[in-house]
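Data first, discussion second: the structure below is written as structure tokens.
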Amino acid sequence: MSDNEIISRLKKIVEPYVQRTEGMENFEEETDFLNDLQINSANLVDVVLDVEDEFDIEIDNDSMEGMLTVGDAKSIIKRKMAAG
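Quick note: the sequence shown, position 13, residue 13 per full-length UniProt numbering, numbers continuous.
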């Protein structure tokens, strides 16, 4: 799965939780879930659960804590998918 495909699928997942819609206009690896999109921590847990379902992976707590940006999420998803 390409990086662009992962990011595109991530964008669809996070969209319902975004409080600052301007942040979605430049949705890229540097986009920060908390600062740029203003997704609160409770909703970030929902995002992680949705990511697990979408990509059929399991994200542990350590990985979840490191998932601050779109790029972080993409890297974690790729790593978990490769680990199978």
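In this text, a Cβ means the ideal position worked out from N, Cα and C, and glycines have one as well.
Item	Value
Which term fits Val-45, buried or exposed, when burial requires 16 or more other beta carbons within 10 angstroms of its beta carbon?	exposed
Please report the straight-line C-alpha distance between Asp-18 and Ala-82, rounded to a whole angstrom.	Here residue 18 turns out to be Val, not Asp, going by the sequence shown. Using only the alpha carbons, I get a separation of about 29 angstroms.
Which full runs of the alpha helix (DSSP H) of 4+ residues lie inside the UniProt domain "Carrier" (1-81), going along the chain?	3-14, 41-55, 61-65
Output needed for Lys-74: all residues of its chain with C-beta closer than 8 angstroms, excluding positions within five of it in sequence on either side, in chain order.	Asp-3, Ile-6, Ile-7, Leu-10, Glu-29
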